[in-house]
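Protein chains in written order, with our numbering: chain A, 1 to 345; chain B, 1001 to 1285.
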Amino acid sequence: MPPHDTQTGRPPVGPQVMAEGRGLGFPAAGGAPALSDRTAETVPGYYDVPMLKPPVWKDLISWYFFLGGVSAGAYVTSRLAERYGGPKFRPLATVGTCVAAAAAVPCAPLLIADLGDPKRFHHMLRVFKPESPMNLGAWVLTAYHGAGAAALAREWLRRGKADDEQKNQGFVRNAADGLLVAVADVGGIPLALLLASYTGVLLTGGATPAWCKNAWLPALFSASAVSSGASAVSLAAEALGRVGVDTAADVARGPLHIVQSVAHLAEVITLVGYLSSVRRAVPAAWGTLVAAAGAEVLRRLPAGRRLRPWLDIGSAALSLFGAYHLRSTVVNAGHDSANDPQSRL
Amino acid sequence: MIPLAVLTDIAAELPNAFPPRRTPVPDADADEVMGFFTDATLCIGCKACEVACKQWNQLPADGLEFTGYSYDNTKHLGATTWRHVAFKEKITPDFGKWLMVSDVCKHCAAAPCQQSCPTGSIVYNEFGSVYVQPDICNGCGYCVVACPFGVIDRSMIDGHAHKCTLCFDRQTEGMEPACAKSCPTDSIQFGPIKQLRERARERVERLHEQGRADAYLYGADSVGDYGPLHSFFLLEDHPHEYNLPVAPPQPLRNQAPRYAAGLAVGAALAAVAAFVFGRAARAAP
Ligand code: SF4
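As structure tokens, then:
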């Protein structure tokens, strides 16, 4: 590779243009039309040099979007299961909180590793600038880690205790429990929803044609976060149930299935909306559609008590694959559209 | 384990980053706002500006590579190329001409790169130009996708974003930027943006009187719903011929509907979850 490319990381454009014999000006026979008649379609552009710079982000960004979504979805599912589902779903809430925490742990390292200068990651927090989704996201991720830690701390404090035992353990412990619940629910749930959707807004802030100002993207990422988060909780509950941990997998199956189905439906609708709004082929997108449909079919197959958990695990894994595939498809579509010499603004 | 050297590096960065320093920014119409007027009809494609820019700003070479399509072997702006002379050989069955213009950061009055910057590294300086503070940038790369002109890029050398500074350092000493200084035909002019606009309008009128009816100003007022640019151009052909956008978007404006769409879907699905878990709790065991 010539030194130019090692410095900028850009693919060479010139020799390819020359080899294909495309480098010579205005192709229309009979001379150029007057300036005023020329639209974006009739003007050839500047050889085949793309107008925009492609994103400098590596594949890590897709993993961050995916894991952030899984964590947020699992968090919301488990907190709501506890708040509205009561004692029956306590074990499920514990599993879900742990899943959310486990998925959240790699998020910050992934984000930091994608920086050009990782040792300055904290510069994102030197200003509060919500006008920049990247800055807002850094704050949301930081605060969300705090809420997740509160939820996790609470699970730790209540470990091995029955519900009525938990209620009467003195003023200080009760107050601490109430405070942790307030932080985890009132603070944590909105933060989780923001974490799931800001990544979509982040992409829509690029001039990149496949992302620019596209309101479907945040909606799509939100739907995918809930479907993959609920699937991750279901997967963990079923798998741990297999090895004898009490995860309330049997009672949770019904409600979790409904959440997964509705979220998959929302995901498919918003994905179709996104694809029709970008008006360019995004061939890889069928992967997510197939994964969502496959997950739904698998879960509905008739099965006995022994097979049921395995089908649920397979379905959840498929849904998680679809969610990662979705993030990388959207990120790649952005790269392709920025590298496309035809996509002129 | 994080090596000690990394920790001491982080500690060394702290005083730079905190607290954020603020520079009073002149409003976009103030007299002290400076800019470039680049006149394509005067450009002879000599690339003196590219060389002067590299030399003054101590930017490394981009290597020797021949594009084969014209006398443009620079191709595009980048982290180490802050002036780029676009050179297009326009040959049709009826006529042939050379289109030349020296491209540069537009120093947008409402710059998407500045809005996107999460560290506050990209600021407006006291001359109203868009400036990347090299000691603050952490290389997140968001400005690279935000800029609708494909100007700013992240360097593989130091991992930070770089672009034209409008020779901030020379300006503070009362000197004009290196490219404008070196331009042998005054195709690149530097000065208070108000005066430049006036001068540019007169120039367009004169060209029209000479029968060059295609001459027009790009970015002096606004480009689509974008603009104005503090570095504007006089062109004689469609902007796409020079790889310039006709309608650059302002993607970071009006984000509320996008946040609303994302949060609404999330909240609706959360409501479904709350409902189904509540119903399951009330159901008989
Ligand atoms: S042209 Fe691009 S890099 Fe320059 S100020 Fe405008 S948005 Fe920023």
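Note that the Cβ used here is the ideal one computed from N, Cα and C, for glycine as well.
Quick one: using the 10 Å Cβ neighbour count with 16 as the cut-off for buried, is Pro1248 (chain B) buried or exposed?
buried
Straight-line Cα distance separating Asp1135 (chain B) from Asp1009 (chain B):
Rounded to the nearest angstrom, the gap between the Cα atoms of Asp1009 (chain B) and Asp1135 (chain B) is 12 Å.
What residues are listed by DSSP as bridge partners for Arg1154 (chain B)?
B:Ala1161
Closer than 8 Å at the beta carbon, the chain B residues around Ala196 (chain A)
Those within 8 Å of Ala196 (chain A) in chain B are Gly1262, Gly1266.
Using only the alpha-carbon positions, how far apart do Asn1057 (chain B) and Lys1194 (chain B) sit?
27 Å
Considering only heavy atoms of the ligand SF4, list every residue whose Cβ is less than 6 Å from one of them, following chain order.
B:Cys1105, B:Lys1106, B:His1107, B:Cys1108, B:Ala1111, B:Pro1112, B:Cys1113, B:Val1130, B:Cys1147, B:Phe1149, B:Val1151, B:Ile1152, B:Lys1163
If you draw a straight line from the C-alpha of Ile1044 (chain B) to the C-alpha of Thr204 (chain A), how long is it?
39 Å
For Gly1078 (chain B), does the three-state DSSP call read helix, strand or coil?
strand
Are the region 1254-1268 of chain B and the region 1096-1112 of chain B touching by the rule of at least three beta carbon pairs closer than 8 Å?
no
Rounded straight-line distance, which links the Cα of Cys1117 (chain B) to that of Ala968 (chain B)
In the structure displayed, chain B extends from 1001 to 1285; residue 968 (chain B) sits before or after that span and is not available.
Cutting at 8 Å between CB atoms, please list the residues of its own chain near Lys88 (chain A), excluding the five before and the five after it.
Counting only residues of its own chain and dropping the five nearest sequence neighbours on each side, Lys88 (chain A) has a CB closer than 8 Å to the CB of Ala248, Val251.
Let me see if you follow: with CB-CB separation under 8 Å, is Tyr1069 (chain B) close to chain A or not?
yes
Please tell me whether Gly1150 (chain B) has its Cβ less than 8 Å away from any Cβ of chain A.
yes
Rounded to a whole number of angstroms, what is the C-alpha to C-alpha distance between Ala285 (chain A) and Ala223 (chain A)?
15 Å
Look up Met134 (chain A) in the DSSP assignment and say whether it is helix, strand or coil.
Residue state for Met134 (chain A) is assigned as helix, using DSSP reduced to three classes.
Does the beta-carbon of Lys213 (chain A) have 16 or more other beta-carbons within 10 angstroms, so that it is buried, or is it exposed?
buried
Would you check if the distance between the CB atom of Ala338 (chain A) and the CB atom of Pro55 (chain A) is smaller than 8 Å?
yes
Give the interface partners of Arg344 (chain A) over in chain B, defined as CB-CB distance under 7 Å, in chain order.
For Arg344 (chain A), the chain B residues whose C-beta falls within less than 7 Å of its own C-beta are His1240, Pro1245, listed in chain order.
Tell whether a beta-carbon distance below 8 Å holds between Cys1183 (chain B) and Cys1053 (chain B).
Cys1053 (chain B) sits away from Cys1183 (chain B), with the two beta carbons spaced by 8 Å or more.
Chain B beta carbons: is any one of them nearer than 8 Å to that of Glu131 (chain A)?
Yes, Glu131 (chain A) counts as interfacial toward chain B.
For His1208 (chain B), count the other beta carbons within 10 Å of its own beta carbon; 16 or more makes it buried, fewer makes it exposed. Which is it?
With fewer than 16 Cβ atoms within 10 Å of its Cβ, His1208 (chain B) is classed as exposed.
Spatially closest choice to Ala1161 (chain B) from B:Gln1114, B:Arg1206, B:Leu1042, B:Ser1187, by CA coordinates
Shortest Cα-Cα distance from Ala1161 (chain B) to any of B:Gln1114, B:Arg1206, B:Leu1042, B:Ser1187 involves B:Gln1114.
Does the Cβ of Thr1061 (chain B) have 16 or more other Cβ atoms within 10 Å, making it buried, or fewer, making it exposed?
The question names Thr, yet the displayed sequence has Ala at residue 1061 (chain B). It counts as exposed.
CA-CA distance, Pro1177 (chain B) and Gln1171 (chain B)?
7 Å
Taking only three categories from DSSP, how would you classify Asp1039 (chain B)?
strand
Own chain partners of Leu345 (chain A) with C-beta closer than 8 Å, once the 5 adjacent residues on each side are dropped:
Contacts found: Met51, Leu52, Ala207, Pro209.
How would you label Asn135 (chain A), buried or exposed, when you count the other beta carbons within 10 angstroms and need 16 or more for buried?
buried
Is Pro12 (chain A) helix, strand or coil when you go by DSSP?
Here Pro12 (chain A) scores only 40 on pLDDT, less than 50, and its place in the model should not be relied on; the value that follows carries that caveat. The answer is coil: DSSP assigns Pro12 (chain A) none of H, G, I, E or B.
When the Cα of Phe66 (chain A) is compared with those of A:Arg90, A:Arg299, A:Tyr46, A:Ser197, which residue comes out closest?
A:Ser197
Consider the Cβ of Asp340 (chain A): report whether some Cβ of chain B lies at a distance smaller than 8 Å.
Interface criterion not met: the Cβ of Asp340 (chain A) is under 8 Å from no Cβ in chain B.
Given that a residue counts as buried once 16 or more other Cβ atoms are within 10 Å of its Cβ, and exposed if not, what is Asp59 (chain A)?
exposed
According to DSSP, is Ile1188 (chain B) helix, strand or coil?
strand
Per the DSSP calculation, Leu1235 (chain B) is bridged to which residue(s)?
Bridge pairing for Leu1235 (chain B): B:Tyr1216 [DSSP].
Taking the CB atoms as reference points, tell me whether Ser261 (chain A) and Asp312 (chain A) lie closer together than 8 Å.
No. Outside cutoff.
Could you work out which residue in A:Ser319, A:Ala219, A:Arg83 is closest to Gly294 (chain A) when comparing CA atoms only?
Minimum Cα-Cα distance from Gly294 (chain A) among the listed residues A:Ser319, A:Ala219, A:Arg83 corresponds to A:Ser319.
Name the DSSP beta bridge partners of Trp286 (chain A), please?
Note: Trp286 (chain A) sits in no beta bridge, so no partner.
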